[in-house]
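Chains as they are written, first to last, in my numbering: chain A, 1 to 111; chain B, 112 to 225. Just so it is clear, CB atoms sit at the ideal spot from N, CA and C, and this is done for glycine as well. A short write-up of the structure that comes next.
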């Protein structure tokens with residue numbers, strides 16, 4: 001289920017299930033998007049990126065989907081593992097301007 | 112290849128004291144960023160350098176914050192004097208050739224002002 005605490009939405013999933021983390025971005029002109037994973041006490045770590053000329057990109061166990069019509073980005077994690085527990089941020093970039101980060105979603109993997 | 116290196120990792124200081132953070136970007140990355148991240152929020156840009164030039168410092172509180180990147184490689188971010196509200200994580204990041212490319216973060220410098 002989902003809950004909100006300390007400004008951070010939380011998604012709880014069972015180990016082995018698929019996770020879907022959503023992000024609504026703000027600028028319809030943004031052309032480059034990145035998902036970052038941030039574990040407790042660490043800096044954000046690059047996961048996967050996508051340019052606006054694509055609507056889907058796959059990595060290892062992760063898929064990013066981009067819907068420019070509704071300004072929506074999602075990160076799908078297949079077979080979620082305990083090590084996936086972290087805060088996930090989306091970031092958008094408008095043709096070389098500075099990246100703007102979303103508020104983040106905390107993913108909690110239940111045993 | 113080494114990632115973005117930051118120091119110190121943790122710092123606790125009393126308010127009104129100065130503090131400085133150091134960053135060494137990924138080799139070959141000429142764009143360097145300093146971000147501030149408050150608890151439960153995403154990173155917010157403080158300053159962006161292209162080589163040694165600060166090309167965007169619009170969000171840097173210049174009354175107490177300063178930054179430098181004298182030789183276009185490593186950088187220092189300073190706060191003087193620190194206030195209670197400066198408690199946050201200060202993240203350094205770098206990218207290759209400009210702001211529209213993938214940025215890679217260091218582990219952050221965690222500041223607590225008491």
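Requested in this report: Would you verify that the beta carbon of residue 25 of chain A is, or is not, closer than 9 angstroms to some beta carbon of chain B?
Outcome: Taking the first chain and counting its residues from 1, one reaches residue 25 of chain A at position 25. Taking Cβ atoms only, chain B never reaches closer than 9 angstroms to residue 25 of chain A, which makes this a no.
Report task. Between the Cα of residue 162 of chain B and those of B:136, B:194 and B:177, spot the shortest distance and give me the residue it belongs to. Result -> Residue numbering aside, residue 162 of chain B sits at position 51 when the second chain is read from its first letter. Nearest of B:136, B:194 and B:177 to residue 162 of chain B, Cα basis: B:136.
**Report entry** CA-to-CA distance, residue 189 of chain B to residue 145 of chain B, given in whole angstroms
**Finding:** By 1-based counting over the second chain, the position of residue 145 of chain B is 34. By 1-based counting over the second chain, the position of residue 189 of chain B is 78. Whole-angstrom Cα-Cα distance: 11 angstroms.
Query raised in the report: Alpha carbon to alpha carbon, what distance is there between residue 14 of chain A and residue 164 of chain B?
Result: Within the second chain, residue 164 of chain B is the residue found at index 53, counting from 1. Within the first chain, residue 14 of chain A is the residue found at index 14, counting from 1. Between residue 164 of chain B and residue 14 of chain A, the C-alpha separation is close to 48 angstroms.
Query raised in the report: What does a CB cutoff of less than 8 angstroms around residue 185 of chain B pick up in its chain, not counting 5 residues either side in sequence?
Result: By one-based count along the second chain, residue 185 of chain B stands at place 74. The answer, listed in chain order, is 133, 134, 135 and 136.
Requested in this report: Compute the beta-carbon to beta-carbon distance between residue 33 of chain A and residue 73 of chain A, rounded to the nearest angstrom, for a pair I have assumed lies under 8 angstroms.
Outcome: Residue numbering aside, residue 33 of chain A sits at position 33 when the first chain is read from its first letter. Residue numbering aside, residue 73 of chain A sits at position 73 when the first chain is read from its first letter. With 8 angstroms as the limit, residue 33 of chain A and residue 73 of chain A qualify as a contact, their Cβ atoms being about 5 angstroms apart.
Query raised in the report: For residue 55 of chain A, which three-state DSSP category applies?
Result: The residue you call residue 55 of chain A lines up with position 55 of the first chain. DSSP places residue 55 of chain A in coil when its eight states are reduced to three.
Report task. Give the secondary structure of residue 3 of chain A by DSSP, where H, G and I count as helix, E and B as strand, and everything else as coil. Result -> Position 3 of the first chain holds residue 3 of chain A. With a pLDDT of only 33 at residue 3 of chain A, under 50, the local geometry of the prediction cannot be trusted, and the value read off the model is given with reservation. Residue 3 of chain A: strand per DSSP, three-state reduction.
Requested in this report: Would you tell me roughly how many angstroms separate the C-alpha atoms of residue 54 of chain A and residue 66 of chain A, rounded to the nearest one?
Outcome: Sequence index remark: in the first chain, residue 54 of chain A carries index 54 (1-based). Sequence index remark: in the first chain, residue 66 of chain A carries index 66 (1-based). If I take the Cα positions, the gap works out to 7 angstroms.
**Report entry** Of the listed residues B:147, B:158, B:114 and B:201, nearest to residue 138 of chain B (C-alpha basis)
**Finding:** Within the second chain, residue 138 of chain B is the residue found at index 27, counting from 1. The shortest Cα separation from residue 138 of chain B among B:147, B:158, B:114 and B:201 belongs to B:114.
**Report entry** Residue-chain proximity (residue 160 of chain B, chain A), Cβ-Cβ < 9 angstroms
**Finding:** By one-based count along the second chain, residue 160 of chain B stands at place 49. With 9 angstroms as the cut-off, residue 160 of chain B does not count as an interface residue toward chain A.
Query raised in the report: Taking just the CA atoms, how far does residue 89 of chain A sit from residue 110 of chain A?
Result: What you label residue 110 of chain A is simply residue 110 of the first chain in a count that begins at 1. What you label residue 89 of chain A is simply residue 89 of the first chain in a count that begins at 1. Near 20 angstroms, if we compare the C-alpha coordinates of residue 89 of chain A and residue 110 of chain A.
Query raised in the report: Considering only residues of the same chain and omitting the five flanking positions on each side of residue 217 of chain B, which have a CB-CB separation below 8 angstroms?
Result: Translated into the one-based positions of the second chain, residue 217 of chain B becomes position 106. So the qualifying residues of the chain are 114, 115, 116, 117, 134, 202, 203 and 204.
Query raised in the report: If we ignore side chains and look at the alpha-carbon of each, how far apart do residue 215 of chain B and residue 206 of chain B end up?
Result: Start at 1 with the first residue of the second chain, and residue 215 of chain B comes out as number 104. Start at 1 with the first residue of the second chain, and residue 206 of chain B comes out as number 95. Going from the Cα of residue 215 of chain B to the Cα of residue 206 of chain B covers about 6 angstroms.
Requested in this report: Compute the Euclidean distance between the alpha carbons of residue 107 of chain A and residue 12 of chain A, then round it to the nearest angstrom.
Outcome: Along the first chain, one-based indexing puts residue 107 of chain A at 107. Along the first chain, one-based indexing puts residue 12 of chain A at 12. When rounded, the distance between both Cα atoms is 6 angstroms.
Report task. Report yes if the CB atom of residue 148 of chain B is closer than 9 angstroms to the CB atom of residue 103 of chain A, and no otherwise. Result -> Counting from 1 along the second chain, the entry for residue 148 of chain B is found at position 37. Counting from 1 along the first chain, the entry for residue 103 of chain A is found at position 103. Result no, Cβ atoms of residue 148 of chain B and residue 103 of chain A do not sit closer than 9 angstroms.
Query raised in the report: Along chain B, which residues have their Cβ under 8 angstroms away from the Cβ of residue 88 of chain A?
Result: As a position in the first chain, residue 88 of chain A is number 88, starting the count at 1. Neighbours of residue 88 of chain A on chain B: none; closest Cβ ~10 angstroms, over 8 angstroms.
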